[in-house]
Each structure stands twice: as C-alpha cells, then as structure tokens.
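Participant: Residue numbers (full-length UniProt numbering): 1 to 1271.
Just dropping this structure here.
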C-alpha cells in the first residue's frame, strides 16, 4: 500500500496533504466486511499501509455522515413524504466496524510498544544497579577506550576503519569485558582526558590530533588533497545520491499520524514532508549549480585580464598578453648551407617536372590513339543502338504521359467524390478535357435555369418582383441555392401544444423548422432521414404545427399498407385531438367512412397508394393543405399510375416525400424527384436526358458513347447540390448520440446427422432419397427430385422437416416432441438461447425467410410453453395494430415475435424488444438491416443484440459472404439512367465450384466453429449477473439431461447418424446411376481451335449482356458455321472455307428473313389484337401489390441473369418475360388473344416452379394469374 513520496519532482496533494496512488478510492470501495481480525503489522511498511487505510476510512465515514445530514435536511424541508423509511435521527456508519477493527489493532500495537519500553527501562535499571555494585579497584585503559570511541565515530560515518586502528583493536585483550569498573568515575576520566587533549599546545595540527586518537594519517600529495580531487568528489557524489534515494523513498504519511496515540486529527502536519522536499530539491539542483559556477569561474578567469581595472594595466599582465601573440623564432644553425641545399632541391624538382611532362605527353598520344580506334569500332554500334534508343524514348514518354493522365483523372475523380469543386475545376483546366468541359457548361446552364425557376415560382405565389439578373458567371459565383430556396425564415424552438405524446428531440425540432420553412417559401421537399430517426413523428409535428399556427385543416397522408397501422398508432399517441380518418378496409368499411369524408368532417386522411387510385373521385374533391407521401422512393417512376394520378387529379398547396432510402445515382430517378419538387421546369424526362446525353451522341461514329464514371458523377453531384435545399437527410450516428449500441454476432450452428446426410444428397444428386414406401415422391424408387438446388440447400440448413417426406420417415405420428429441435442445429441452439433471454427479461424478434419454417418454429415454442406472436405476408392490416399494441405493452406476457423479413421488416416499431435473431440471411443485406432497425430505433433504451444464425460448412456461409460484398460496394459505375454491378463469369464459376466442393470440408467428427456453453454465455450476457444466471441455467439443464440419459433418453443433443432409420444410412449412389451402353472404341479425333471465332464487337456484346455469356456466343457461332458448312456441301460450293468471315445474326433477324415473302396483311397483323395485348401488358405493369404496394411486374420485366441464376435455365425449359412478350406483340407473332394469354400464364408458371411457395415472387405470380383468369 506504500507509494513513492516524490513523483516527477513534485508530490500529489489531496485535501491539504499527500495521497497515495494505490489507496482505495471512494467509488471503488466495496462493502467487504473487516470484522475478521487484522494481523498486526510486522514492519514499518505494513504499519504505514494500515495507517493510510485507517485515515481513508475516517474520510469515508465523514462523507457518509455529511450525506446523511443532507438527506435529513432534505426530508425536513420537503412537504411530500417521498422517503417513507428514511430515519433522520439514527445514523448507521457503514465504516464503523472497519474503523473499530483498525483502532483495536493499533491499540494492540501501542500496548506492545509500551510493554517493550517498560522492559527496556527495567533492563537499564538492572544494568545500572549491577554496575554500581562493581569495585573501582581495576584501572581503566583510557587509551583503548579512546581508540574504540574513535572507531565508533568513523563507523557511524559509514567509513572504513584505518589499518593501524584495526591492528590496535585486534591485539587488545578481549577479556577486559569482564572487568568491573565504576561508571561515574570512568565517565569523569574520559571527559577530563578529552579536555586535556583539546587544550594541549602540542596538538595544534590535525595530524597530531589524529595520532592522539590512535589514527595514523596517510601521506597525500597536493593533487589528492585538493578540493576537486576525483576520489573526494566521487565520495561526495555517492553520498548525495544515497541521500536523494532515501528522500525519494520516504513514506507518504510521514509525520501525519502518531502510532502511540492512535488518534486522528483534522489538521495534518506537513513540516517533515516540506523540509524533506526542500532538501530533495536542493540536492537535485547541486549538479546544475556546480556546472553554472564552473562556467562563471571559467568566464571570469578568461576575461579578468581585460576587464579587471587592477590587472589590465599591470606590467606583468601586459607582458603576458603581448607574449601570447608572439610566435617564437626558430633558430637555424647554418643559413648559408640551408640556402645551397634549397637551390639544389629546386633544380632537382624542375628536372623531375620536365621528365613527367614528357612522359604524360607520350601517354596522351597513346591514349588518343586507343580512343580513336575504340570510337571507330563503336561508331557502327551506335548507329544500331540509336534507333532502339529513340524508340524506347518515345515508348517511355508515352507511358509517362499515360500515367500522368491517369493520375490526373484519379485526382479529379477524388476531388469530385470529396465535393471539392474548386480543386476539380483547377485540375480540369490543366487537362483540357473537351468532353467534361462541355458537360460542365451544360450542367452550369441547367443549374442557372433551375435557380431562376425557383425564384420565379416563389415570385408567382408571393406576387413579388424577381431579382434583377446578373451575368451568368457572376450569378453562379455569388448564388447560394439554399438561401434562394429558404428566403423566408421562421424560428421554431417549441413543439406545438397539441402534440402531447412526448417531447421532440433537438434534431426533430430542426426537421420541423426545415419543413415549416419549405411551407413558408411555397416549396416542396424530401425528408430522407435514416430509418429509425422518427420521420413519422416529425411529419405529425408538421401537421399539428400547421393546424395550430397556420390555421390549416385538410391533410392527405399516403402510406404503404404495411405501415398504415403504425401511422394510426402514432397519431393516436402524439396527436389525439386531431381528427384522423384511416381510410382502408373492406368496401363496406370504406363506405361507412366516406360519409365523414364527403362532409369534410376530418383534418387528416390516412390512406394507402391503392385507395388513392381506386377512390380517386371521392378523395380528390378537396384542396389539401399538405400532402405527405411515405416511402416516397416509389415516386422514382414518373410514369407510374400513382404519380400520374397524384399530379393530374389531386390538388395540394405543398407536398412532402418521406424516404429512408438515399437517392439513387441515376438520372431518371433524380428527374422524378426534381419533377415532384419543381414541376415547372422538370416537365420532360426526354429533354432532361438529352441535355446530358445528346452532346456525345453525334460523334460521327457508329458506337454508342456513354457517360464515364467521372462524367456521370459530376452530373449527379451537381444535381445533388441543387437538390440540397429540398432534401434533408440525417444519420443516427450524427444526431442521436444516446442511442444504445447495436452489436451483431454471428453464431455458427452444427448440422445434425440428418441434415448432414440430406445436404450431401442434394449437393451430389440434386435429389433426396426417402425410401420407396414414402408418399409424395416422384416415383416408386423413393427419389424426390427437386428444382432450384440453392433454395433446397437453404431449406435443409433451416430444418429438414420442411420436406414432409422426411418427417414421415422419422416421425410418422407427427407428434410434437424433442425431435423438433434435435434434428436442426439452429433449433438446438435456440433451445439453449431462448430460455436464457426469457429468464433475464429480454424480448426477442426472430426474422424468417420461409413461412414453412415459421410453422415448425411455432410448434417448437408451444412445446417449450413460450407465448409468441406471428406476422407475415398473410397477416391482415387490422390484426397488425392489435399485435403491435399487445407486444409493446409494458406488462405484456408475449416473449417472442415471429416475423417474415419481407413483410415485417418495414414500418414497424418494436423497440420494446432488445434482441433480434436473424434465423436465415437474406440475399439482399438491406432487408436484414431494415429488420434490425425494428428494434434499434428512437425510444430504445437497452443495447440491441443482433444474433445471426449460420450453419457450418453450408450454403449460408456463401450467402453471408455475398451479402457482405454487396454492403462493401461503394463505388458504382454510373451510366446515363442505368447502373449495374456485374459479376464476371470467373466469379460465378468460382461461387458454384465452392458450393459443390463444400462437402469436402464437412467430414464426420470434424472439429467446427460452434460455441460451447461458456463462449455462448459470453456472447449473450449483457452483464456479469446475467452471465452468472446463464451459467446456472446451463448447469441445471446438463444435470437434467444426464438424468434423462440414465433413464434411456438421448445422449447427444443433436441427433446422430446412428439414431437415424436405415433408409438414411444406406449407400444411395446406385439409385441415381444411369444405364450406359457399350460403344465402339474408335479413336476420336480432336479438333484444335486456336481462337474463339468471335469478332471484337461480338465479344464485347456478350460481356455486357447479363443474359448472355462468352461461352454461349462461341457455341452459337460454331453451330452456325456447322450449318453453313453442311449447306455448302449440299450445293457443292467451293467457297465453304470462307464462311468463317460471316458475321453473327440474331434469332430475330433470321425469323424476319423468313417472313419477307409473306403478304403484307400477314406482316401487319391485326391492329385490334395488338392494341388489346398491349393494354393488358400496360395494366400488368401498373399493378401494385395489396400487401405492401410494390410493383408486381417489376421482377417479370426481363429474364434473370444467366451469370447469377445459371440453374434457372436448367430448371425452366421455356423462359419468357414481359419485355419479350411485348416485343412479340409488336412483331405480330400472336395469331390469337388466347395464345398471348398462354404466354403470360407460362411466365407465371415458370416463376411458381422456380420459387418457393409463399415467397413474394410466388405471390406476385399468383396475382398476375388471377388478373389473367378474369379476362
């Protein structure tokens, strides 16, 4: 517990005294009792620690007493009896026992010290009494005593005894100890002897005094006797360092407490500490002082001869100074002889120099001859090297220029991505890129016209004068688009009084102020806050503000069907005084609501996209104050029926779009949003698209030149700049600092023995073998053939009972028992996880992709007696509201909420749950993110734990990897109105290869990445108490399972292969073997191909087409060559070898060539049939789902990509899509209307075959089929 007194040449002060670094702090003090006895300290260090601890406990007790007194005063002054059980008179000191224990220990120490002191006094008295009884007859050897005292004095100084003194002491008789003497007489004689020695005239020098004391001084020369001698300085330095070390290691509580009193005083005396600190500082400065003094002495000694008035005129000093600058003369014995020798030396040197010059001349001649010969030989080589050098120079220069241009392009792109337009324009001026410069001018003109349009629209509605125009360049320099749009400003700091559901946050108040500013400036806007930041609440606050402050009374709120329940709940909670009509339901319910609507007895109409179109005559009668459209990213299609209906029939002063999805980076969607905000200038998407594409269309070449990434990004960024005044987007991490963290963990699950066998069968054979006696198989062999291998593998990973044939074999009685969780690794993990969450009071949301798995999980929850709710695509909108209320109630007994990712992942507020389990991962990672935000949103107070279940060594690992890759993509190739992220054929092949080879990493009894109970508890527990609870529950579960195992139950939690029926154990490979015929063993000649046979244009088209591959293009090319060769051989053509130069033709061109000879009537077709078919296709394209309002025909517009869905074309023999059907209609390929309908039915049938029953694609296909049946 001790600490260093001095630290960094200072000390730590606390409350006027020292405080140890390692002392217990008040916040860290744990209420551990010290009633047990405290060991008595055995050293000074332990005593210091005990005293420090005692002093701290006294301070804690004092603080507790003050806090108690403060609570007592508060209880006396308060009129409310909030604190019923608070006793103001009695104070219970929580540290009293500890203080008494330490005081008891200190009292024992004091008693022990007093006992030892008494024993010392007693011993001294006995010694003195024994000395008084000794006779004085024996003479005392004063000489020996003086030498012993001198020795004691030397040893006390930590010095060695001189050799002479050691010799004298060694020869003395040690038996003199036993001689008795009189103490008083001995002391008197010693004193008289020392007085005599000190007053003697003979001992005047120091050596004489040393000899009188028995010390023999050692001779020393003048150097060793000097003050600055090395030995003396070294000895002094060691002593100083030792003293500094002693001072630095003094205890912190030096002089603060007295051990023998054991009393604590408020005044802490620091005299000893301060004196010790002053001494330490002084000793630390000694080295600096010595260095400084030495410098001063050196300087003074050097300048004294010049500065001192006594020395500078002294004759000796002047002579010394003059002699200092005089060089001594070197005496020469014989100058004449030296001159003669020098002359002879000079002559010899001149002769040697002339000889050397002659030799150098001859060497130069020889060198020049050699060089001339080498030049003659190298001249020929230089001529050969020169051409190569020039060529390399040009190549290097070209590469450097290319690198420089690429570097500049990257810098421009980085500046553009960083929104540094000034740096971008500066780099563009250096590059002289005419395309980008032209595009920049085009966008500048567009921005100028847009800014003027904003002013004109405001001026028209306010009847104000338009600002005088400046030149285009000056206008662009000083314009601030935000200030132009938000001219009229209104400060909103308090939420409306009729908004009573709670208090808006600061950023929500700012959002309300922004929307009010749009209203005041007669503009429309887009509120694009991130999901979970309360766009619904901000919209309701705008409505209440306009009702209360502006006197508005008619509002139209258009929302998807999936979120209308949540909107109704929020209106009921936040604005109960506002008259809201939720217009939805059956025709009879809508008819009952229509009376109030026709009479105008409402303030807000809350309805869906579908009824905006269906009930247009009634809903469009009013002139609304504000129109709010939730999930407004559906307005990106300006030609959709919803957009056209709202623009043509509904009248409103202002419009507001709500969307949690950022703006998409393509021009038509941006145009649609801008058209919604400023319809006066954005009135034609065709002209808008031509503004940015036409400059590059007429380049004189046949190629289609599209915008590069830099050019498209330039357009998008500048359009975003203009859109900024009408768009408000905030992120959670920026505005909601107090939102709890969202922690996502991936939990690996082992496959059961049954899942492992079924998974291998599906990977190897794309079928399941369930026995010949099982019902539901395709044939008597018991083989169940399946389509869409990836989907079937996902089913197996979720639960093998999704296949009813498997459950019939394993559990023919269909009773709900432990097989539900023993046959699935995910169910087994949830069997361990869910009880822990329920015991610790956490509510859970579980998201599924498949409704069949939800059905099985419902049986599991009923088996475990856990109450739950379920919401999927089949849940009615009326039931959703009741479910949300029931689950979010504080005293709700519903522990678990089962949701489908597509139906329950949007527009639901389930913040009462703090745990989200993703049972199976969606291909689209944004769907899972939306599902997570059902719990991680405004109002959540707990940390949200996301658990994603992934089966080991399965297709789910690849799905998760692909989802992460999609989330990591941040740089997208943007084209004019189009962007796509293409995967190459190599990537697709690698994915399929890894899928087929996955079984090799999943051997029997192989170690996996699943978590044991302790590791799982570390992931699940949010506190140490929960971890203790979970560990206890695991121990109880393990003990219970052991008891069941002894009574004949299962030994492993997951079902093993040994427990399965024989039908799953046998080798089934022979069931899938096909009969092969013996063929003749003729030698097969291989054809060698040295190229792919494709032109550059054909290869590029195959690479760019999603529905085509290079391999398919090569195959078609070879088939056409073979057909032409056979045709040429039949007609006897001699030019058959030249057909390789023919270009590829499309299938449509060939079919048109066959129709050239048909009559004109057959070519034109029936105009009435074509128009009827096209009207049916238009209606299908405008259909919207009744579940959530999405476009039903969107997925059927074009065929799936062959690169991403290669297995689709193996399962579906006749693929078709709406685009192909529309093309055939335009070509009059259908003879009757029934043939056209059959083609549509084939498209829906293909979708139902490939996709799982209950999926959203399957349901969309059924809606289209129901429409077709009604024709």
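Think of the CB as a built atom: it goes at the ideal place given N, C-alpha and C, for glycine as much as any other residue.
Remember, predicted model here, so these are calculated numbers, not experimental data.
So, do the segment 1197-1208 and the segment 647-662 have three or more beta carbon pairs nearer to each other than 8 Å?
Facilitator: The segment 1197-1208 vs the segment 647-662: no contact.
Participant: Short of 6 Å in beta carbon distance, which residues of its chain neighbour residue 605, apart from the five on each side in sequence? Order them along the chain.
Facilitator: Excluding residues within five positions, the ones whose Cβ falls inside 6 Å are 556, 581 and 583.
Participant: Pairing CB atoms from the segment 1049-1065 with CB atoms from the segment 741-756, are three or more of them under 8 Å?
Facilitator: Yes, the segment 1049-1065 touches the segment 741-756.
Participant: Would you kindly work out how many angstroms separate the C-alpha atoms of residue 505 and residue 765, rounded to a whole number?
Facilitator: Their Cα atoms are separated by approximately 59 Å.
Participant: By DSSP, does residue 1161 sit in helix, in strand, or in coil?
Facilitator: At residue 1161 the pLDDT is 39, less than 50, meaning the model places this residue with poor confidence; the figure from the coordinates comes in the next sentence. Helix.
Participant: Below 8 Å between beta carbons: does that hold for residue 917 and residue 947?
Facilitator: Taking 8 Å as the Cβ cut-off, residue 917 and residue 947 qualify as a contacting pair.
Participant: Within the segment 272-341, note down every full alpha helix (DSSP H) run reaching 4 residues or more, in order along the chain.
Facilitator: Whole alpha helix (DSSP H) segments, 4+ residues: 286-307 and 315-324.
Participant: Would you kindly work out how many angstroms separate the C-alpha atoms of residue 633 and residue 563, rounded to a whole number?
Facilitator: One C-alpha to the other measures close to 15 Å.
Participant: Among 909, 1214 and 873, which residue has its Cα nearest to the Cα of residue 887?
Facilitator: Among 909, 1214 and 873, the Cα nearest to that of residue 887 is on 909.
Participant: Are at least three pairs of beta-carbons, each pair with one atom in the segment 865-877 and one in the segment 835-854, less than 8 Å apart?
Facilitator: Cβ pair count under 8 Å is three or more, so yes.
Participant: With distances taken between CB atoms, is the gap from residue 603 to residue 547 smaller than 8 Å?
Facilitator: In contact: residue 603 and residue 547 (Cβ atoms closer than 8 Å).
Participant: Considering only residues of the same chain and omitting the five flanking positions on each side of residue 1273, which have a CB-CB separation below 8 Å?
Facilitator: Missing from the structure shown is residue 1273; the chain here goes from 1 to 1271 and no further.
Participant: Does the structure place the segment 536-555 close enough to the segment 618-631 that three or more beta carbon pairs sit under 8 Å?
Facilitator: The segment 618-631 vs the segment 536-555: in contact.
Participant: Less than 8 Å between the C-beta atoms of residue 797 and residue 594, yes or no?
Facilitator: No, the Cβ-Cβ distance between residue 797 and residue 594 is not below 8 Å.
Participant: For the alpha helix (DSSP H) that contains residue 880, what are its first and last residues?
Facilitator: Here the alpha helix (DSSP H) through residue 880 covers 877-888.
Participant: Roughly how many angstroms lie between the CA atoms of residue 815 and residue 1023, to the nearest whole one?
Facilitator: Cα-Cα distance, rounded: 39 Å.
Participant: With H, G and I counted as helix, E and B as strand and the rest as coil, what does DSSP make of residue 555?
Facilitator: Residue 555: strand per DSSP, three-state reduction.
Participant: Can you list, in chain order, the residues of its chain whose CB lies under 6 Å from that of residue 1254, leaving out five sequence neighbours each side?
Facilitator: Counting only Cβ-Cβ distances below 6 Å, and skipping sequence neighbours, we find 851.
Participant: Helix, strand or coil for residue 16? Go by DSSP, reduced to three states.
Facilitator: For residue 16, the pLDDT reaches just 35, beneath the cut-off of 50, and the residue's location in the model is therefore unreliable, although a value from the coordinates is still provided. Residue state, collapsed to three classes: coil.
Participant: Which residues does DSSP pair with residue 945 in a beta bridge?
Facilitator: Bridge partners of residue 945: 743 and 915.
Participant: Would you decide whether residue 175 is buried or exposed? Buried here means 16 or more other CB atoms lie within 10 Å of its CB.
Facilitator: At residue 175 the pLDDT is 47, less than 50, meaning the model places this residue with poor confidence; the figure from the coordinates comes in the next sentence. Classification of residue 175: exposed, given that the 10 Å Cβ count is below 16.
Participant: Excluding the 5 residues flanking residue 789 on each side, which residues of the same chain have their C-beta closer than 7 Å to its C-beta?
Facilitator: If we look at residue 789 and ignore the five residues flanking it on each side, its Cβ neighbours are 762, 766 and 1207.
Participant: Can you list, in chain order, the residues of its chain whose CB lies under 7 Å from that of residue 1268, leaving out five sequence neighbours each side?
Facilitator: Correct list, in chain order: 1237, 1240 and 1241.
Participant: Which word fits residue 828, buried or exposed, when buried means at least 16 other C-beta atoms lie within 10 angstroms of its C-beta?
Facilitator: When all chains shown are included, residue 828 counts as buried.
Participant: Using beta-carbon positions only, say whether residue 501 and residue 728 come within less than 8 Å of one another.
Facilitator: Not in contact: residue 501 and residue 728 (Cβ atoms no closer than 8 Å).
Participant: Going by the DSSP bridge assignment, what does residue 847 pair with across the sheet?
Facilitator: DSSP lists 899 and 918 as partners of residue 847.
Participant: In whole angstroms, what is the alpha-carbon distance linking residue 1145 and residue 1230?
Facilitator: Interpretation of residue 1145 is limited by its pLDDT of 37, a score under 50 that renders its predicted location unreliable; the figure taken from the coordinates is listed afterwards. Those two C-alpha atoms are separated by around 23 Å.
Participant: With residue 856 and residue 801 assumed to form a contact (beta carbons below 8 Å), what rounded beta-carbon distance in angstroms separates them?
Facilitator: With a Cβ gap of about 6 Å, residue 856 and residue 801 count as contacting.
Participant: With DSSP run on the structure shown, which of helix, strand or coil describes residue 604?
Facilitator: Strand.
Participant: Kindly list the residues whose CB is nearer than 6 Å to the CB of residue 903, restricted to its own chain and excluding five residues on each side of it in sequence; keep chain order.
Facilitator: Here the set comprises 872 and 873.
Participant: Looking only at DSSP bridge pairs, what is residue 627 linked to?
Facilitator: In DSSP, residue 627 forms a bridge with 556 and 655.
Participant: Which residue from 1180, 1179, 1185 and 1247 puts its Cα closest to that of residue 1199?
Facilitator: Selected option, being the one with the closest Cα: 1247.
Participant: Among the residues of its own chain, which have a CB less than 8 Å from the CB of residue 868, if the five just before and after it don't count?
Facilitator: Counting only Cβ-Cβ distances below 8 Å, and skipping sequence neighbours, we find 858, 861, 894, 895, 896, 897 and 898.
Participant: Applying the 10 Å Cβ sphere with the 16-neighbour rule, what's the burial state of residue 337?
Facilitator: Result: exposed.
Participant: Any idea what DSSP makes of residue 155, helix, strand or coil?
Facilitator: Looking at residue 155 - three-state DSSP - the assignment turns out to be helix.
Participant: In the DSSP assignment, what are the bridge partners of residue 525?
Facilitator: In DSSP, residue 525 forms a bridge with 656.
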